[in-house]
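Heads up: the sequence shown is residues 1 to 254, going by the UniProt record's numbering.
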Amino acid sequence: MFAETQLSCVAQTSDKGTVAFSLLSKAHSPDSAERIYNEKIRKRPLHLKPTEPDTAQQARRQVRQAKLQKLKKKSKPAPLSARQKRALMLYDIPKSEQKYEIYEPLHRMWIGYIQEVLGLREEGGMVSNSEAAKLCSADFHGAEVEVVRSRCVSRVGVKGIVVKDSKFVFEVVTKKDIVKVLPKEHTIFRFTVPFPGTPANAVEDAKEEAKEEAGSEGEGKPKDLVFELHGDQFQHRAADRANKKFKSHFLPDI
């Protein structure tokens, strides 16, 4: 008991000999100085912060980040560039699939699609300007087009089903099972749209029917609609044409 009281006295005398207590004793009375020193200085907690980072924890964090980066690279590969796509021939049609008969069902499907776009009926009739303007935004994959005018004379008369409608060219498959690339620039294409209910061979015989006399109308069936497409004004991708607004303007080539 005597040893504990002796130690407490020594601690009090050591505390009272500090610089902080001496400064407080000059400004306050001895009792106030001792009270302030015990409440606000001696018993005040001191928060310590680490001066150096934990090297082991930092190393684990770096390893974890490296693993996450590897997983991201594996789960989401980088997209192929245009050069890589051309090298892999992703958009090229294989030789075994370059056959006209393969794309005939696509052409029949396109005829039904374009008849619905134009609002055609079995009894025939005229197509209004507003309905004909919808052809500017239509998709021509599956249409059978024919070159009727071009600066390159060798392209005139080429006819086939469109298998690729890109921004600047039409890729068509001819009846001779040959894929031809037809630039849209300085080229006029022609395509025929029959009315619903006409036989399948009516589209193929459109030219022969057009050459018939005006008085002979056959069995009273309406004639097929023939449209001409100016490639200079059609240099847009099929996806871009769907949302594009076309305006009527003067065409110098006509």
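C-beta: ideal position from N, C-alpha, C; glycine also.
DSSP three-state assignment for residue i, whether helix, strand or coil
{"i": "residue 156", "result": "coil"}
{"i": "residue 116", "result": "helix"}
{"i": "residue 92", "result": "coil"}
{"i": "residue 185", "result": "coil"}
{"i": "residue 31", "result": "helix"}
{"i": "residue 80", "result": "coil"}
{"i": "residue 170", "result": "strand"}
{"i": "residue 137", "result": "helix"}
{"i": "residue 178", "result": "coil"}
{"i": "residue 128", "result": "coil"}
{"i": "residue 230", "result": "strand"}
Span separating the alpha-carbon of residue i from that of residue j
{"i": "residue 111", "j": "residue 224", "result": "12 angstroms"}
{"i": "residue 57", "j": "residue 235", "result": "60 angstroms"}
{"i": "residue 98", "j": "residue 154", "result": "21 angstroms"}
{"i": "residue 189", "j": "residue 178", "result": "18 angstroms"}
{"i": "residue 187", "j": "residue 131", "result": "24 angstroms"}
{"i": "residue 31", "j": "residue 38", "result": "11 angstroms"}
{"i": "residue 181", "j": "residue 116", "result": "28 angstroms"}
{"i": "residue 70", "j": "residue 85", "result": "25 angstroms"}
{"i": "residue 83", "j": "residue 129", "result": "42 angstroms"}
{"i": "residue 44", "j": "residue 61", "result": "35 angstroms"}
{"i": "residue 150", "j": "residue 232", "result": "11 angstroms"}
{"i": "residue 105", "j": "residue 96", "result": "17 angstroms"}
{"i": "residue 166", "j": "residue 230", "result": "15 angstroms"}
Residues near residue i by beta carbon distance below 6 angstroms, same chain, minus five either side
{"i": "residue 243", "result": "none"}
{"i": "residue 159", "result": "146"}
Contacting residues, own chain, Cβ-Cβ under 7 angstroms from residue i (five flanking each side not counted)
{"i": "residue 124", "result": "195 and 222"}
{"i": "residue 41", "result": "20"}
{"i": "residue 28", "result": "36"}
Rounded distance between the beta-carbons of residue j and residue i, thought under 8 angstroms
{"i": "residue 114", "j": "residue 163", "result": "At roughly 17 angstroms, the Cβ-Cβ gap does not stay under 8 angstroms, so residue 114 and residue 163 are not in contact."}
{"i": "residue 36", "j": "residue 24", "result": "6 angstroms"}
{"i": "residue 107", "j": "residue 142", "result": "5 angstroms"}
{"i": "residue 169", "j": "residue 183", "result": "5 angstroms"}
{"i": "residue 137", "j": "residue 237", "result": "Incorrect: roughly 12 angstroms between the Cβ atoms, too far for contact."}
{"i": "residue 127", "j": "residue 228", "result": "About 14 angstroms; that fails the 8 angstroms criterion."}
Environment of residue i [buried if 16+ CB atoms lie within 10 Å]
{"i": "residue 161", "result": "buried"}
{"i": "residue 103", "result": "buried"}
{"i": "residue 245", "result": "exposed"}
{"i": "residue 59", "result": "exposed"}
{"i": "residue 192", "result": "buried"}
{"i": "residue 226", "result": "exposed"}
{"i": "residue 63", "result": "exposed"}
{"i": "residue 120", "result": "buried"}
{"i": "residue 122", "result": "exposed"}
{"i": "residue 239", "result": "exposed"}
{"i": "residue 33", "result": "buried"}
Own chain, CB closer than 8 angstroms to residue i, minus 5 neighbours either side, in chain order
{"i": "residue 91", "result": "85 and 164"}
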